[in-house]
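Here is the structure we will look at.
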Amino acid sequence: GMMVDDYNVCYIDPLYGTWNGENGMTVTFNGLGAYDIYQYFESLANYWDVRGFVSITQNNIETNNIRYYFNRHTGIGQFEYQNNQYQVQVSEDGLIINSQTFKEPDILSHYQYQFENTIVSFNGKSTVGLGVVTFINGASKEEYRYEFNDGIANIYNDDTIIYVLDTNKNYELKDVLANKTYNLGLYHRLMNHHFVVSSDTEIIFDQPFDINGVTTATFKLSGDDEQLQVNYIDENYVALYYNGSFLYYVYYLDEDCAVLCNYNFVPLSAIATSDELRGMWIADDGSTISFSGISKASQYAHASCEVSESDEIENYISEYFYELHDNYYVIYDLVNEEEIEKYDVYTTYQENAIAYHQGDKTIYVVAVKD
């Protein structure tokens, strides 16, 4: 049941996966219930953990890391939850847990979907008669019951069918009451984001995915626009291609930040929605400061800037970093991982500050004394 070499390969028991119960409970087994191994290996300098765990969600409360055991000879699993003993058996169409039927989620729950500005989510529980679909549009949230059979989902408000989704017709969604038809696409959190890569480079995700998980994005470099192909990978990642060649994976971090990764998913560079300083600023004497615009990603990476400076001999460009401190920005140097503050930057007037301009906007820069 186990092979130990460069990799550890284990038998996955038939309980593996997520199952929804007729009683509203959802269970997720990690498939390792046939083992009970927790052993430290000197060669790995780590513990080898091969044990069965089940996560249980009931009444919207999730409990993790519950031990379960699977007997390969009898085909029966067991676990304890809230001081009750549970026995699990495999049936023809799912699992039987203490006489309750559990079934795999329907395929609609594999993704979230989108049409126009509305996000659509199915809970996957139509297989046990508890299907609920959620429509979210901005602050508006509506929930309805649904049934799913032969590729068609009927969505009900009480006992009236208000939407019909036909997965056999390119996920065509018909609004029965309004007599309108939409085609669902896959929803991704990166969509509708305008990310800054540097002071002159941007990636704009403004086109929704189709149902096959394909769309386009705009890559802006020094004012020139190029179209990129975007492929859906999972709820966190998308892949970028240019003329058929892979460029990056993009990983969602939060509402303002993402990260570019190479083909091995190794992070390369943080990107962010633009801050208010991005671009070139020019003082009356011609000196300049150029900001990358990604200070919103400061918890993941250092935002860079370039400052024109001079001494008795020459003028030169210094490369620094900057971040937001309360209501002003700090430009700093990084020396042996220590931040050395060089300038404070304000967006409101400050006495004895040097004014830098960008169009009709002005910032006020104060040098920090050593």
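Under our numbering, the letters of the sequence shown match residues 634 to 1003, in that order.
C-beta: ideal position from N, C-alpha, C; glycine also.
query = If L873 and A905 are in contact, beta carbons under 8 Å, what's the gap, nearest whole angstrom?
reply = Translated into positions along the sequence shown, residue 873 becomes position 240. Translated into positions along the sequence shown, residue 905 becomes position 272. About 17 Å; that fails the 8 Å criterion.
request  = Determine the contact status of Y885 and F898, defining contact as a CB-CB distance below 9 Å.
outcome  = By 1-based counting over the sequence shown, the position of residue 885 is 252. By 1-based counting over the sequence shown, the position of residue 898 is 265. For Y885 and F898, no; Cβs fall outside 9 Å.
inquiry  = For a test of the three-state rule: what should DSSP assign to N801, helix, strand or coil?
reply    = Along the sequence shown, one-based indexing puts residue 801 at 168. Helix, per DSSP.
ask   = Between E970, Y896, N790, which lies nearest to F768 when the distance is taken from Cα to Cα?
value = For the purposes of this step, residue 768 is identified with residue 135 of the sequence shown, where counting begins at 1. For F768, the nearest C-alpha among the options comes from N790.
inquiry  = Just to check my reading of the structure: Y667 and F712 have Cβ atoms closer than 8 Å, yes? What is that Cβ distance to the nearest angstrom?
reply    = In the sequence shown, the residue the question calls residue 667 occupies position 34. In the sequence shown, the residue the question calls residue 712 occupies position 79. One detail in the question is off: residue 667 reads as Ala in this sequence, not Tyr. So it is not a contact: roughly 14 Å between Cβ atoms.
Close Cβ partners of V847 (< 8 Å) along its chain, the five nearest in sequence each way excluded = Numbered from its first residue, the sequence shown carries residue 847 at position 214. These residues qualify, in order along the chain: Q862, V863, N864, Y865.
message = Tell me the residue span of the beta strand (DSSP E) that contains P900.
response = For the purposes of this step, residue 900 is identified with residue 267 of the sequence shown, where counting begins at 1. Residues 900–906.
Per-residue DSSP class, three states only, for A930 = Start at 1 with the first residue of the sequence shown, and residue 930 comes out as number 297. In the structure shown, A930 sits in a helix (DSSP, three-state: H, G or I).
query = H990 by DSSP, collapsed to three states: which one?
reply = Residue numbering aside, residue 990 sits at position 357 when the sequence shown is read from its first letter. Here H990 sits in strand by DSSP.
query = Which first and last residues belong to the beta strand (DSSP E) in which S937 is found?
reply = Locating residue 937 in the sequence shown gives position 304, where the first residue counts as 1. Looking at the DSSP string, the run of the beta strand (DSSP E) that includes S937 is 936–943.
inquiry  = Taking only three categories from DSSP, how would you classify L967?
reply    = Counted from its first residue, the sequence shown places residue 967 at position 334. Strand, per DSSP.
key: Inter-residue spacing [alpha-carbon to alpha-carbon] between S941 and Y979   = Looking up residue 941 in the sequence shown gives position 308. Looking up residue 979 in the sequence shown gives position 346. Going by the C-alpha atoms only, they are around 18 Å apart.
ask   = When the distance is taken between beta carbons, is I964 closer than 9 Å to D977?
value = Here residue 977 corresponds to residue number 344 of the sequence shown, with the count starting at 1. Here residue 964 corresponds to residue number 331 of the sequence shown, with the count starting at 1. Result yes, Cβ atoms of D977 and I964 sit closer than 9 Å.
query = Just to confirm, are G764 and E780 a CB contact at a threshold of 9 Å?
reply = Locating residue 764 in the sequence shown gives position 131, where the first residue counts as 1. Locating residue 780 in the sequence shown gives position 147, where the first residue counts as 1. In contact: G764 and E780 (Cβ atoms closer than 9 Å).
key: L854: first and last residue of the uninterrupted beta strand (DSSP E) it sits in   = For the purposes of this step, residue 854 is taken as the residue at position 221 of the sequence shown. Segment 847–854, the beta strand (DSSP E) holding L854.
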